[in-house]
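J.:
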Amino acid sequence: MTDLPKATVKRMIKEVNDELLISNDGLNQIIEETTEFIKKLTEESFKSAKSNKRKTIKTKGYY
514 MTDLPKATVK
524 RMIKEVNDEL
534 LISNDGLNQI
544 IEETTEFIKK
554 LTEESFKSAK
564 SNKRKTIKTK
574 GYY
């Protein structure tokens, strides 16, 4: 499994609050949790596409 790039995640955090400091352990935890969220979102999206007899994940109502 490939981790999300630390610099990218840190930059996204800074966009929310430029004064926020984050430890390396905190950053690693955010990356781990975000990765798990993306996996679950992808799994649910795949199930939805499959149940609608599709191979492509699309937004609802997208034509």
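Going by our numbering, the final residue of the sequence shown carries number 576, and the count climbs one at a time with no gaps.
Backbone N, C-alpha and C fix where the C-beta goes; we use that ideal spot for every residue, glycine too.
1. Starting from S564 and walking both ways along the alpha helix (DSSP H), at which residues does that stretch end?
2. Assuming R524 is part of the alpha helix (DSSP H), what are its boundary residues?
3. Please state whether DSSP places Y576 in a helix, a strand or coil.
4. Please determine if the stretch 515-525 and the stretch 534-544 are in contact, where contact requires at least 3 C-beta pairs separated by less than 8 Å.
T.: Reading from the atomic positions:
1. If you look at S564, you'll find it in the alpha helix (DSSP H) that goes 537-564.
2. R524: member of the alpha helix (DSSP H) spanning 519-529, first to last residue.
3. Any reading at Y576 is ruled out, since the residue's pLDDT is 48, under 50, leaving its predicted position unreliable.
4. Enough Cβ pairs lie closer than 8 Å, so yes.
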